[in-house]
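Undergrad:
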Amino acid sequence: MPRRLPLVVLLLSLLSLACLGGCARIGVRPSSLDDRAAKLDRTALNSDRPSERTLRFVRQRDLEASLAADPETMLAALDAEARDEKDREALFALAELCYREAGKSKSDPAKAAMFYLSSAVYAYTYLFDDTFRPVLDVYHPYSRQAMEFYNRSLANVLLYARATELHYAKGKEIPWLMGRVRLAERRSELTFSPEEVESFHLAYEFDVRGLTPEQVRLGLGVPVAVVRRPPEGDKLAPAERFTPPVRQTYAATVFLRFAPTADTAKPRHRIYEADFEIHDPMKTDALDVAGRRIPLESDLTTPLAFMMQNTPEPSGLEGMMNPAAWENLTRLYMLQPYDPGKIPVVFVHGLLSSPSTWAPMFNGLMGDPELRARYQFWFFRYPTGNPVLFSAASLRASLDEARRVFDPAGNNPAFNDMVVVGHSMGGLLTKTLVEDSGDDLWNAFSKAPLDTLAVSPEVRDAMRRTFFFSRRPYVKRVVFIATPHRGSEMALGIVGKIGRTLITLPLTVLKPLGAVTAALAHAGKATDAGKDAADKLQTGVDSLSPNNKTLKILAEKSLATPYHSIIGNEKKADVAGGSDGVVPYWSSHLDGAQSEKIVHSGHSAQDHPLAIREVRRILLEHLKENTP
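Just so you know, UniProt numbering puts the end of the sequence shown at 628, numbered straight through with nothing missing.
Structural data, given as structure tokens:
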């Protein structure tokens, strides 16, 4: 037994040496699931280090030292290997490493831009060049990461172009790691000329506040907000009168489509041609690239928030207190150019408000691709201090003008399927689009026919437009939100008294009403309502009184098209009764509505997410019922 001891010692010693050579380095250590996931999710997009995948690729080739010492030479060698072996994995590593080098080169903007462009080229090649192997797996997370490298790299190239005032010019060449990118065709889905672009801003540059949810769709391309400088004077087309006069802002997505040319004999002289494309996400949801259908990255919320911040709306308070200040602003507005293939949806705001009140609704509806594809959204602005009948006449005139400009023959099926959504007082204006007044409104005001009064033709025409109307045949559905069909007691209380005292009616209202009331008084033909009007001309606030004769007449008339009600209840949803704090249920409810949705909300029910979903449902239902 003692003789075997030296042999045992020798074996144990050899085993110890073997463990020192390898056993101590092999094993596991505890790690939380979150730490493990964070390590696997790390890329050059969210850290200062490449992903584990790219590091492994570099280490397998013993290139870490070369990458640190001379990255351009190392990346050029890796490019040669990738093309010789047709290795798709190498393309991903090149895209990520170029992106990382761009970040390290921020002090040299031109060099950084060169690396960013190189990253975009490699990411694009990884995604769309089928000569490389293995075959691309579009469901693999690396495919999404490659799209992110493309998008973020192109975004940084666009920032560099903006900072250096580098403009598109066909044939212009821009350097990348292995040669140059030559700009080829420019294609734009925007309806205006590139020369009208005042500025562009990347959606990635901003955080949105005040609008939720953000309507962002992941895909390929860089979402931007394009600010347009509209033409002036005699260059203004008739349709331009419906677009905001300053700082029009449009959502768009920029895409650079690469195509390699024949390689030259000289190294690092590879030329790619690139088409510069600007897509409209209101028209396009996906791109056809190399035989694949790829979702277009889009951001509809950031351009909307940017426009609202940089083009502030006139005060709704001013529109109530001093309607004359809004006379030149009273009109129909379109945030996108007219599209004859899309159904108009018109939003009409309420008292003390303006079109900006519809921003959450508009933003929410834009998240549905079917609504974007089938509808266009318009907004009517008016001074809410004027009597409801005068404002309603302005709404009808604005829509009729749009009809004359865009559909003079009256046979466009999309225009003839119009939907109008009105909030609060805006619902009362909306109702006159689907009612026939007959003589009822005028007879409540006068005992004599209008044509018999001794007034000027201009006054007679103004009164005819105000008191006599018929349903608009192109309006096929209306939605009422928190609408006081039978009035609001607010108009009888202190709020109504204060508003009535401070409102100054414009001459465009005072002159025709004054002339008519004077003529009625002289002829002794005024009704009690007409005498009241002669003593105290009614304002928009007076129009909301439960005692208002006009309101009672409108409430009794039948509506000629399908209609829906969305009603606020401050205490509980889906419970009839109660109030939204301004309009009680007994006033906002209408028998015969196609649907009635009660949301847990105050008077601003149009902002409620369930109200927005209800409008979405109604619009989708409208499509089904009106699609042959």
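Glycine residues also receive a C-beta, built at the ideal position from the N, C-alpha and C atoms.
Please read all numbers here as calculations on a predicted model, not as lab measurements.
Just the C-alpha distance for ASN547 and LEU502, rounded to the nearest angstrom, thanks.
TA: As a position in the sequence shown, residue 547 is number 547, starting the count at 1. As a position in the sequence shown, residue 502 is number 502, starting the count at 1. Near 21 angstroms, if we compare the C-alpha coordinates of LEU502 and ASN547.
Undergrad: Look at the alpha carbon of ASP62 and the alpha carbon of LEU91, and state the distance between them as a whole number of angstroms.
TA: Here residue 62 corresponds to residue number 62 of the sequence shown, with the count starting at 1. Here residue 91 corresponds to residue number 91 of the sequence shown, with the count starting at 1. When rounded, the distance between both Cα atoms is 17 angstroms.
Undergrad: To the nearest angstrom, how far is the alpha carbon of LYS86 from that of PHE132?
TA: Reading the sequence shown from its first residue, position 86 is the one you call residue 86. Reading the sequence shown from its first residue, position 132 is the one you call residue 132. Rounded to the nearest angstrom, the two C-alpha atoms are 5 angstroms apart.
Undergrad: From what residue to what residue does the beta strand (DSSP E) around MET418 run?
TA: As a first step, residue 418 is located in the sequence shown; it is residue number 418 there, counting from the start. Run containing MET418: 418 to 423, per the beta strand (DSSP E) assignment.
Undergrad: So what's THR452 in DSSP terms, helix, strand or just coil?
TA: Stepping through the sequence shown from its first residue, residue 452 is reached at position 452. Here THR452 sits in helix by DSSP.
Undergrad: Tell me the rounded alpha-carbon separation between ARG486 and PRO360.
TA: As a first step, residue 486 must be located in the sequence shown, where it is residue number 486. As a first step, residue 360 must be located in the sequence shown, where it is residue number 360. Each residue's alpha carbon lies about 27 angstroms from the other.
Undergrad: Between PRO109, TYR116, ILE26, ALA274, which has its C-alpha nearest THR164's C-alpha?
TA: Numbered from its first residue, the sequence shown carries residue 164 at position 164. With distances taken between Cα atoms, THR164 lies closest to PRO109.
Undergrad: Can you tell me where the beta strand (DSSP E) holding PHE480 begins and where it ends?
TA: Position 480 of the sequence shown, counted from the first residue, corresponds to residue 480. 475 to 481 is the span of the beta strand (DSSP E), which, as asked, contains PHE480.
Undergrad: With a 10 Å radius around its C-beta and 16 neighbouring C-beta atoms as the bar for buried, classify HIS608 as buried or exposed.
TA: Counted from its first residue, the sequence shown places residue 608 at position 608. Buried.
Undergrad: Check each candidate in TRP442, ASP84, SER353 and name the one with the smallest Cα separation from ALA462.
TA: Position 462 of the sequence shown, counted from the start, is the residue given in the question as residue 462. Of the candidates TRP442, ASP84, SER353, the one whose C-alpha sits nearest the C-alpha of ALA462 is TRP442.
Undergrad: Please return the same chain residues whose Cβ sits closer than 6 angstroms to the Cβ of GLY316, not counting the five positions on each side in sequence.
TA: Reading the sequence shown from its first residue, position 316 is the one you call residue 316. Cβ neighbours of GLY316 beyond the five flanking positions: LEU352, SER353, SER354.
Undergrad: Cα separation between GLY171 and PHE258?
TA: Here residue 171 is taken as the residue at index 171 of the sequence shown, counted from 1. Here residue 258 is taken as the residue at index 258 of the sequence shown, counted from 1. Whole-angstrom Cα-Cα distance: 14 angstroms.
Undergrad: Just list the residues that DSSP pairs HIS564 with in beta bridges.
TA: For this step, residue 564 is matched to residue 564 along the sequence shown. HIS564 is bridged to VAL479, SER595.
Undergrad: Are the beta-carbon atoms belonging to LEU429 and SER398 less than 8 angstroms from one another?
TA: On the sequence shown, residue 429 is found 429 positions in, with the first residue counted as 1. On the sequence shown, residue 398 is found 398 positions in, with the first residue counted as 1. Contact: no.
Undergrad: Which term fits PRO369, buried or exposed, when burial requires 16 or more other beta carbons within 10 angstroms of its beta carbon?
TA: Looking up residue 369 in the sequence shown gives position 369. When all chains shown are included, PRO369 counts as exposed.
Undergrad: Pick out the complete alpha helix (DSSP H) segments inside the segment 87 to 125, 4 residues or longer, and give them in chain order.
TA: Segments of the alpha helix (DSSP H) lying fully in the segment 87 to 125: 88 to 104.
Undergrad: Got a sec, what are the start and stop residues for the alpha helix (DSSP H) ILE612 sits in?
TA: Numbered from its first residue, the sequence shown carries residue 612 at position 612. Here the alpha helix (DSSP H) through ILE612 covers 609 to 626.
Undergrad: Output yes or no for whether 8 angstroms exceeds the beta carbon distance between VAL289 and PHE128.
TA: Counting from 1 along the sequence shown, the entry for residue 289 is found at position 289. Counting from 1 along the sequence shown, the entry for residue 128 is found at position 128. Result yes, Cβ atoms of VAL289 and PHE128 sit closer than 8 angstroms.
Undergrad: Is ASP130 helix, strand or coil when you go by DSSP?
TA: The sequence position of residue 130 within the sequence shown is 130, counting from 1. In the structure shown, ASP130 sits in coil (DSSP, three-state: anything other than H, G, I, E or B).
Undergrad: Skipping 5 residues on each side, what residues in its chain have a beta carbon closer than 6 angstroms to that of ALA395?
TA: Along the sequence shown, one-based indexing puts residue 395 at 395. In the sequence as presented, Ala is not what sits at residue 395; that position holds Leu. Excluding residues within five positions, the ones whose Cβ falls inside 6 angstroms are PHE380, LEU429.
Undergrad: Based on the DSSP secondary-structure assignment, which residues constitute the bridge partners of HIS600?
TA: The sequence position of residue 600 within the sequence shown is 600, counting from 1. Its beta-bridge partners are ASN569.
Undergrad: So what's THR253 in DSSP terms, helix, strand or just coil?
TA: Here residue 253 refers to the residue found at position 253 when the sequence shown is read from its first residue. Reduced to three states, the DSSP call for THR253 is strand.
Undergrad: On the premise that LEU177 lies in contact with LEU75, defined as a C-beta separation below 8 angstroms, what is that separation, rounded to the nearest angstrom?
TA: Numbered from its first residue, the sequence shown carries residue 75 at position 75. Numbered from its first residue, the sequence shown carries residue 177 at position 177. Yes, they are in contact, since the Cβ atoms of LEU75 and LEU177 sit about 6 angstroms apart, within 8 angstroms.
Undergrad: So, are the CB atoms of PRO484 and ASN386 less than 8 angstroms apart?
TA: Counting from 1 along the sequence shown, the entry for residue 484 is found at position 484. Counting from 1 along the sequence shown, the entry for residue 386 is found at position 386. No, they are not a contact pair.
Undergrad: Please work out which residues of its chain come closer than 6 angstroms, Cβ to Cβ, to ALA611, disregarding the five sequence neighbours upstream and downstream, and give them in chain order.
TA: Within the sequence shown, residue 611 is the residue found at index 611, counting from 1. Closer than 6 angstroms at the Cβ level, and outside the excluded window around ALA611, lie ILE566, VAL599, ALA605.
Undergrad: Report yes if the CB atom of VAL434 is closer than 8 angstroms to the CB atom of THR561, and no otherwise.
TA: Locating residue 434 in the sequence shown gives position 434, counting from the first residue. Locating residue 561 in the sequence shown gives position 561, counting from the first residue. The answer is yes: Cβ separation under 8 angstroms.
Undergrad: Taking the DSSP output, what are the residues bridged to LEU398?
TA: Along the sequence shown, one-based indexing puts residue 398 at 398. Reading off the sequence shown, one finds Ser at residue 398, where the question assumed Leu. Beta-bridge pairing links SER398 to no other residue.
Undergrad: Can you find the residues in the same chain that come closer than 7 angstroms, C-beta to C-beta, to ILE174, ignoring five residues on each side of it along the sequence?
TA: As a first step, residue 174 is located in the sequence shown; it is residue number 174 there, counting from the start. The residues are LEU117, ARG180, VAL181.
Undergrad: With a CB to CB cut of under 6 angstroms and the five nearest residues on each side skipped, what residues in its chain are close to ARG331?
TA: In the sequence shown, the residue the question calls residue 331 occupies position 331. Excluding residues within five positions, the ones whose Cβ falls inside 6 angstroms are SER398.
Undergrad: Under 8 angstroms: do the segment 144 to 160 and the segment 218 to 230 share three or more Cβ pairs, one atom per stretch?
TA: Yes, the segment 144 to 160 touches the segment 218 to 230.
Undergrad: Using a Cβ cut-off of 8 angstroms (strictly closer), state whether ALA286 contacts chain C.
TA: The structure shown contains no chain C; it holds only a single protein chain.
Undergrad: What are the start and end residues of the alpha helix (DSSP H) that includes TYR338?
TA: For the purposes of this step, residue 338 is taken as residue 338 along the sequence shown, with counting starting at 1. Here TYR338 belongs to no alpha helix (DSSP H), and DSSP marks it neither H nor E.
Undergrad: Using 8 angstroms as the cut-off, can you tell me whether the segment 510 to 524 makes contact with the segment 450 to 462, which would need three or more C-beta pairs spanning the two stretches below that distance?
TA: Because the criterion of three Cβ pairs below 8 angstroms is met, the segment 510 to 524 and the segment 450 to 462 touch.
Undergrad: Leaving aside the five residues before and after PRO340 along the sequence, list all residues of the same chain whose C-beta is less than 8 angstroms from its C-beta, in chain order.
TA: Reading the sequence shown from its first residue, position 340 is the one you call residue 340. Same-chain partners within the cutoff: PHE406, ASP407, ASN412, ALA414, PHE415.
Undergrad: Pull the bridge partners of TRP176 from the DSSP assignment, please.
TA: Counted from its first residue, the sequence shown places residue 176 at position 176. DSSP output for TRP176 lists GLY179 as bridge partner(s).
Undergrad: Which residues does DSSP list as the beta-bridge partners of ILE294?
TA: Here residue 294 refers to the residue found at position 294 when the sequence shown is read from its first residue. BP columns for ILE294 point to LEU287.
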